[in-house]
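Engineer: Chains as they are written, first to last, in our numbering: chain A, 29 to 525; chain B, 29 to 525; chain C, 1032 to 1196; chain D, 1032 to 1196. For every residue, glycine included, the Cβ atom is placed at its ideal position computed from N, Cα and C. One structure, pasted below without further comment.
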Amino acid sequence: MKIKKILIANRSEIAIRIARACREMGIKTVAVYSEIDRNSLHVRYMDEAYFIGASPASESYLRIDKIIKLAKKSGADAIHPGYGFLAENPEFVEECDKNGIIFIGPSRDSMYLLGNKTRARARMKAAGVPIVAGTIEPIKDYELLENEAEKIGYPIMLKAAAGGGGKGIRMVKSQAELKSAFDIATSEAKAAFGDDAVYIEKAIINPRHVEVQIARDNYGNVLWFPERECSIQRRHQKVLEESPSVAIDDNLRKRIGEAAAKAAEAAGYNSVGTVEFLLDEERNFYFLEVNTRLQVEHPVTEMVTGIDLVKLQIEIADNKAIELNQDDIKIQAHAIECRIYAEDPEKNFMPSPGKVVGLRTPGGIGVRNDNGVYEGAIIPLFYDPIIGKLITWGSDREQAIERMKRALSEYLIKGIKTTISFHQKVLNDKDFIEGNISTGFVNRLLETKAEPDRFYYDIAAISAAILSEFNRSRIAIGNTQSGISNWKSLAMKMGLR
Amino acid sequence: MKIKKILIANRSEIAIRIARACREMGIKTVAVYSEIDRNSLHVRYMDEAYFIGASPASESYLRIDKIIKLAKKSGADAIHPGYGFLAENPEFVEECDKNGIIFIGPSRDSMYLLGNKTRARARMKAAGVPIVAGTIEPIKDYELLENEAEKIGYPIMLKAAAGGGGKGIRMVKSQAELKSAFDIATSEAKAAFGDDAVYIEKAIINPRHVEVQIARDNYGNVLWFPERECSIQRRHQKVLEESPSVAIDDNLRKRIGEAAAKAAEAAGYNSVGTVEFLLDEERNFYFLEVNTRLQVEHPVTEMVTGIDLVKLQIEIADNKAIELNQDDIKIQAHAIECRIYAEDPEKNFMPSPGKVVGLRTPGGIGVRNDNGVYEGAIIPLFYDPIIGKLITWGSDREQAIERMKRALSEYLIKGIKTTISFHQKVLNDKDFIEGNISTGFVNRLLETKAEPDRFYYDIAAISAAILSEFNRSRIAIGNTQSGISNWKSLAMKMGLR
Amino acid sequence: MYYVKIGNKEKKIEILEQSGTVFDVELDGKLYRVDFVKAENSYSLIVDGKSYEIDCNIAGNRYDIWIRGNYFPISVLTEAQKRLQLSKKKKGTGGPQIVETEMPGKIVSVKKNKGDTVKKGETVIVLEAMKMQNEILSPKDGTIEEIYVKDAQIVEASEKLFKVK
Amino acid sequence: MYYVKIGNKEKKIEILEQSGTVFDVELDGKLYRVDFVKAENSYSLIVDGKSYEIDCNIAGNRYDIWIRGNYFPISVLTEAQKRLQLSKKKKGTGGPQIVETEMPGKIVSVKKNKGDTVKKGETVIVLEAMKMQNEILSPKDGTIEEIYVKDAQIVEASEKLFKVK
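Written as structure tokens, this is what we have:
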């Protein structure tokens, strides 16, 4: 192994995920941290830690110059970007190359090719990977756009050519909506990606979002993994993922997997990555884009195949050949992931930064916790609200669902709001249980106002009243050592007597 | 499913383990608790909870009458005994039967047969399962014992006929030691089991303790699972288990597995259970005893086969036929379990009851936590010191070991001493890593005084000095809001600014 | 007597008696005997043999309660507080209203100035946190009497943003 | 100056300067610059780029420290405490000694009576906890001056058991 020390240019749960793989592999880890992150878990977890700048990402985690400098200072052989931040920035890869540091991800050229959606569509079309009907060339001119839209037929999806992560995407149902959608989309794209080019695709009705994890090494060996079903999305962001998909049988699995492998080859890809597809109601699949990095949902694939994707990714970056054969990749039952966000599902998923004053994570059979926080951690407002991932494995989908409901019921995060209760709603929904899902699922679910659970309703009310009584009497008797604290000392006593 | 509600006549991690399976299966759970356990996790976790008596087990968890009464009162269809307490008490099974409550375990007759070691040996010998050379009939007379020992040849193992759980066992190396060993063994056996009969077996040199999980239903369908290696023991108590054993190849696995299945049949066994064997240096195996209950180490089997043994156990008790075939049971790589005890490994494993004032459990890929405590829980001095089990899975033994070391390094239990640091020593031992283990391993390890890790030595010393400085200045300036607390409010501030 | 509100429903709860850890509570005319104990982060209730573990965050009159991953935001008022609230309500919402932040964040833009007239639901301030923009709306028709924050300012939870009359 | 003892080794540590969360510390003549911060249950140290998370239980002069699952029992003495300890040592162990419990438990049997002579290492009391019996031995040759507990009594940690002279 050439790689003996890795700088992890990220934070929170993904930084921990990568550092865990490194610790198991005997690789030393280097953390970088912004001002607010001095006390964050990734700093505590890694072998080394260096301050990198002020809290806003633009002054810290996005500073290529500082990160390269610290990698050299600390003697790191490689940099792992995680996801988000610099993970899909070809310029960062270039700087790593120039400085003789291994970038743990694909080559600069492959990343550059796939980073632009229209460029990627053209390449895939040439390679024979099915793409959604639509324009291949980026469009900047409204007249041209209108003509193309007419040819393709409404509804259409209007997308930023340079986009990614669900940003700059809107559906246009008729020509009447096209002009204003074009104006907004181009200005958004300009602001977000510095490029106002757009393109259009025919809108697929009730699509499923299905993706295929692939791995390809520097020697052209390629593997595809059983698909992930990622249709449960909110604002084009995934919230719950599973593998395999109920909509895909063995035959289709092989076809879509081989298409993904072909896409990886066509792009000269040389790392782990994900090929995203849309699946229409007739089970036709269409290439959407390639995520040239590890993904948040990678654990569901790890759970159903037993393969550590981060380890594999590091080995490929270390110029090792993939030792596994396609036949070694088998589905072992079913896995589900719930993304735990610091957001308030009762208030339109408003961010909920703050301090984690209490934390109890689920456990037991078939449960995996990928946390980025600990009791006492601060969730800053500067970064993504994801604070952890909860994954369950079951011998079938039903067991994985029941296990996830059980695990969520054990999860206790105090001090901030999280999406745990929202996930419970998803998992108890009849359509979800039956596998009748598409990318419109969450909006539909949010519209159905569920009654608060009568079973717990009275208990919650009574608890609030009793706690209120405590607070009140504490004030009344001016004694901070009132009732509850007495119980505590009583309990202590009981424990020792 | 006939079973809709289960009373779990146990506490701590095993009660939680069973309740988790029930919650996933949609079965309601009933907890019973002693005085000290009012605030324990199992009470909080289950759907119902009833007070059962004073803290000593003899007044609570061992009270058959009270448990049966509460099962009826709460409308429980079945009782799960866990392990320890009443799990291997045929009288308890009888009372369940009489009261129309399903006992989740084997029939009374099968348990009675296997509960007595000499009875079990006789049955196994008749069925053709290899047993260790020695006496078949229980012995109460010293003269007879001396004759038999002479015939078998020293060293011998002297064991209580009614024994179990490693109690009442001693090795006798020569005739000179026999008389005093006999006197102690019989009086111990009388005190512990109310029966002073003993028997002898030829002592096997450097044996491995290997066991086979089996499951057999009411229709005679039987399954055997890949063996567990349990040679890492202290005072005849297992501390670390793994599956599979490095000492066993596919051929031997099949032979020992089929012998275990035969043993289950010979005993008319109808639940999940474990057949224990000794393996000598020539890889011959000998029947030792059957544990007629779930075992602490059952999770390693679950991890390598994907099968939920508690669920299977409940289904068999519910009179379901086993649906799996022997061919469905395959080893998926490797799993290790570390038992986490509230004991101080620096002080000869002295019990360490008290309050868990801080708890952070490990997470990430391939890690399973089976805890019985939470932050704030009291570990009472009345019961077994086991507070949790930590299990890791790896694609091979090396990965399972590295993962366990990584997981243990993440584990933080504050307020009590635990065996976590001891497990780190085992996992870093050369003999362990190479698989050169036998039941004498722990004693050998404890004799080798390891130097404290230089790498952390200075850091620990500096930390203690700095914390001491804080405590001192707090006293000096008479202010409980000194340095550390200021940092805390600073951190809070940082989190929100 | 406590007035406990979950969602739109209000319930009256009376704590009749306490003996050690056991409370006799009346809710909607029904009596409950509640054994209520605490550990570090959470509480354990046993009510008529049924067991519940609850977690609670308390901020003023607001009790956020979790039971097995389900979430119940609850407000609790004493009788005195209830009377005060009722008398306030009688006065109506004619008076000036101060809008506070519900979460910490950065002020991205202040859309209105002091003296501007606003409609109910009109955006007054845009606040950003965790890469998401949130619009803070006027709760009523009226005039902006005061703006307490400025562009690019970082605010904590429950800070005053503006006053509308 | 602190006297820090791990196992049989004693080290002298001086905290030279503190500025915010950063400490300059001298150990064995070597200087360390330590960035030391705290959260609920644990501390984070960054020393010359190296990062450590430690957990500590404090009881009197005893600091039990864990680093990545490794355990270091440490005792810390100030200069004054150290002097006191030295002067005590000079006086020797001739004086009476009080033996305390190291853990809570139940007294299973009291083997000696007041006035009995005992040898060093002889069992005076048997204490049971978590189904395990532990023998409490006399730390020296002498006479039992006092027994503070009786059969079946439940004791807490650090309770006096007996005095031997």
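1) What residue does the beta strand (DSSP E) around I95 (chain B) start on, and which one ends it?
2) What number of angstroms, rounded off, separates the C-alpha of L387 (chain B) from the C-alpha of Y402 (chain B)?
3) With H, G and I counted as helix, E and B as strand and the rest as coil, what does DSSP make of F450 (chain A)?
4) Which runs of the alpha helix (DSSP H) fall wholly inside the stretch 297-321 of chain A and span at least 4 residues, in chain order?
5) I'd like to know whether the C-beta of Y1179 (chain C) is nearer than 8 angstroms to at least one C-beta of chain A.
6) Along the stretch 477-496 of chain B, where does the CB come closer than 8 angstroms to a CB of chain D? Name the residues.
7) Compare the C-beta of E1176 (chain D) with all C-beta atoms of chain B and state if any pair is closer than 8 angstroms.
8) Between I1046 (chain C) and chain A, is there a C-beta pair that is closer than 8 angstroms?
9) Pick from B:I487, B:N499, B:R500: whose alpha carbon is nearest that of I1037 (chain D)?
10) State the CB to CB distance for the pair G196 (chain B) and K290 (chain B), rounded to an integer number of angstroms; the pair is presumed to be in contact (CB under 8 angstroms).
11) Grouping DSSP H, G and I as helix and E and B as strand, with all else coil, what is E325 (chain A)?
12) Using beta carbons (cut-off 8 angstroms, strictly below), is D75 (chain B) in contact with chain C?
13) Please state if the CB of Y78 (chain A) and the CB of S102 (chain A) are separated by a distance shorter than 8 angstroms.
14) When Cβ atoms are compared, which residues of the stretch 1052-1081 of chain D fall closer than 9 angstroms to chain B?
15) Using a beta-carbon distance below 8 angstroms, is G81 (chain A) in contact with chain B?
16) For the beta strand (DSSP E) holding P118 (chain B), just list the boundary residues, first then last.
17) Using the three-state DSSP reduction, which class does L1115 (chain D) fall into: helix, strand or coil?
18) Which bits of chain C does G463 (chain B) rub up against, with CB to CB less than 7 angstroms?
19) How long is the line joining the alpha carbons of M1161 (chain D) and P413 (chain B), rounded to whole angstroms?
20) Provide the residue(s) that pair with E257 (chain B) in DSSP beta bridges, ordered along the chain.
21) If you reduce the DSSP assignment to three classes, tell me which class I503 (chain B) lands in.
22) How big is the Cα-Cα spacing for N1092 (chain D) and S1106 (chain D)?
23) Please list the terminal residues of the continuous alpha helix (DSSP H) segment that includes G143 (chain A).
24) Can the beta-carbon of I1096 (chain D) be found less than 8 angstroms from the beta-carbon of A492 (chain B)?
25) Between S86 (chain B) and chain A, is there a C-beta pair that is closer than 8 angstroms?
26) So, helix, strand or coil for V338 (chain A), using DSSP?
27) For a contact meaning CB atoms closer than 8 angstroms, what does L268 (chain A) contact in chain C?
28) Hey, quick one: how far does the alpha helix (DSSP H) through E171 (chain A) stretch, first residue to last?
29) Does L387 (chain B) come out as helix, strand or coil in the three-state DSSP assignment?
30) Which residue spans inside the stretch 53-97 of chain B form an unbroken beta strand (DSSP E) run of at least 3?
31) Return the CA-CA distance between E1048 (chain C) and C1087 (chain D), expressed in angstroms with no decimal places.
32) Under 8 angstroms, do I31 (chain A) and D457 (chain A) count as touching if we go by C-beta distance?
33) Could you tell me the distance, in whole angstroms, from the CA atom of F498 (chain A) to the CA atom of T1052 (chain C)?
34) Taking buried to mean at least 16 other C-beta atoms within 10 Å of its own C-beta, is Q1164 (chain D) buried or exposed?
35) Leaving out five residues on either side along the sequence, give the residues of the same chain with a beta carbon under 8 angstroms from the beta carbon of N1144 (chain C).
36) When DSSP labels each residue in this structure, what does P373 (chain B) get in the three-state scheme?
Structural biologist: Here's the rundown:
1) Within the second sequence, numbered from 1, the residue matching residue 95 (chain B) stands at position 67. Counting along the chain, I95 (chain B) falls outside any beta strand (DSSP E), though it belongs to the alpha helix (DSSP H) covering 92-102.
2) Along the second sequence, read from residue 1 onward, the residue named residue 387 (chain B) stands at position 359. Along the second sequence, read from residue 1 onward, the residue named residue 402 (chain B) stands at position 374. Each residue's alpha carbon lies about 7 angstroms from the other.
3) Residue numbering aside, residue 450 (chain A) sits at position 422 when the first sequence is read from its first letter. Note: F450 (chain A) maps to helix in three-state DSSP.
4) none
5) Start at 1 with the first residue of the third sequence, and residue 1179 (chain C) comes out as number 148. Y1179 (chain C) does not count as touching chain A.
6) P480, D481, Y484, Y485, D486, I487, A488, A489, I490, S491, A492, A493, I494, L495, S496
7) Taking the first residue of the fourth sequence as 1, we reach residue 1176 (chain D) at position 145. Judged by the 8 angstroms Cβ criterion, E1176 (chain D) is not in contact with chain B.
8) Against the third sequence, residue 1046 (chain C) aligns to sequence position 15. It does: the Cβ of I1046 (chain C) has a partner Cβ on chain A nearer than 8 angstroms.
9) Residue numbering aside, residue 1037 (chain D) sits at position 6 when the fourth sequence is read from its first letter. Comparing Cα-Cα distances from I1037 (chain D) to each of B:I487, B:N499, B:R500, the minimum goes to B:I487.
10) Along the second sequence, one-based indexing puts residue 196 (chain B) at 168. Along the second sequence, one-based indexing puts residue 290 (chain B) at 262. At roughly 27 angstroms, the Cβ-Cβ gap does not stay under 8 angstroms, so G196 (chain B) and K290 (chain B) are not in contact.
11) Position 297 of the first sequence, counted from the start, is the residue given in the question as residue 325 (chain A). Looking at E325 (chain A) - three-state DSSP - the assignment turns out to be coil, as it is neither helix nor strand.
12) Position 47 of the second sequence, counted from the first residue, corresponds to residue 75 (chain B). Closer than 8 angstroms: yes.
13) Residue numbering aside, residue 102 (chain A) sits at position 74 when the first sequence is read from its first letter. Residue numbering aside, residue 78 (chain A) sits at position 50 when the first sequence is read from its first letter. For S102 (chain A) and Y78 (chain A), yes; Cβs fall inside 8 angstroms.
14) T1052, F1054, V1056, L1058, D1059, K1061, Y1063, V1065, F1067, V1068, K1069, A1070, E1071, N1072, S1073, Y1074, L1076, V1078, K1081
15) If you number the first sequence from 1, residue 81 (chain A) lands on position 53. G81 (chain A) does not count as touching chain B.
16) Taking the first residue of the second sequence as 1, we reach residue 118 (chain B) at position 90. Looking at the DSSP string, P118 (chain B) is not in any beta strand (DSSP E); the run it does join, the alpha helix (DSSP H), is 118-126.
17) Residue 1115 (chain D) sits at position 84 when you count from the first residue of the fourth sequence. Helix.
18) Your numbering for residue 463 (chain B) matches position 435 in the second sequence. Neighbours of G463 (chain B) on chain C: none; closest Cβ ~42 angstroms, over 7 angstroms.
19) Position 130 of the fourth sequence, counted from the start, is the residue given in the question as residue 1161 (chain D). Position 385 of the second sequence, counted from the start, is the residue given in the question as residue 413 (chain B). When rounded, the distance between both Cα atoms is 6 angstroms.
20) Residue mapping note: residue 257 (chain B) aligns to position 229 of the second sequence, counting from 1. In DSSP, E257 (chain B) forms a bridge with B:V238, B:E270.
21) Counting from 1 along the second sequence, the entry for residue 503 (chain B) is found at position 475. Note that I503 (chain B) scores 38 on pLDDT, short of 50, meaning its location in the model is unreliable; the coordinates nonetheless yield the value given after this. In the structure shown, I503 (chain B) sits in a helix (DSSP, three-state: H, G or I).
22) For the purposes of this step, residue 1092 (chain D) is taken as the residue at position 61 of the fourth sequence. For the purposes of this step, residue 1106 (chain D) is taken as the residue at position 75 of the fourth sequence. Taking the straight line from one Cα to the other gives about 6 angstroms.
23) Along the first sequence, read from residue 1 onward, the residue named residue 143 (chain A) stands at position 115. Counting along the chain, the alpha helix (DSSP H) containing G143 (chain A) begins and ends at 136-143.
24) In the fourth sequence, counting from the first residue as 1, residue 1096 (chain D) sits at position 65. In the second sequence, counting from the first residue as 1, residue 492 (chain B) sits at position 464. Yes.
25) If you number the second sequence from 1, residue 86 (chain B) lands on position 58. No, no contact with chain A.
26) Looking up residue 338 (chain A) in the first sequence gives position 310. Helix, per DSSP.
27) Taking the first residue of the first sequence as 1, we reach residue 268 (chain A) at position 240. Per Cβ cutoff of 8 angstroms: no residues; L268 (chain A) is ~14 angstroms from chain C at best.
28) Mapped onto the first sequence, residue 171 (chain A) falls at position 143. From DSSP, the alpha helix (DSSP H) with E171 (chain A) extends over 170-180.
29) Within the second sequence, residue 387 (chain B) is the residue found at index 359, counting from 1. Three-state DSSP puts L387 (chain B) in a strand.
30) 56-62, 76-81
31) Position 17 of the third sequence, counting from 1, holds the residue named residue 1048 (chain C). Position 56 of the fourth sequence, counting from 1, holds the residue named residue 1087 (chain D). The straight-line gap from Cα to Cα measures roughly 42 angstroms.
32) The residue given as residue 31 (chain A) occupies position 3 in the first sequence. The residue given as residue 457 (chain A) occupies position 429 in the first sequence. No, the Cβ-Cβ distance between I31 (chain A) and D457 (chain A) is not below 8 angstroms.
33) Stepping through the first sequence from its first residue, residue 498 (chain A) is reached at position 470. Stepping through the third sequence from its first residue, residue 1052 (chain C) is reached at position 21. For F498 (chain A) and T1052 (chain C), the distance between alpha carbons rounds to 12 angstroms.
34) Counted from its first residue, the fourth sequence places residue 1164 (chain D) at position 133. Q1164 (chain D) comes out exposed.
35) For the purposes of this step, residue 1144 (chain C) is taken as residue 113 along the third sequence, with counting starting at 1. If we look at N1144 (chain C) and ignore the five residues flanking it on each side, its Cβ neighbours are I1175, I1178.
36) In the second sequence, the residue the question calls residue 373 (chain B) occupies position 345. Here P373 (chain B) sits in helix by DSSP.
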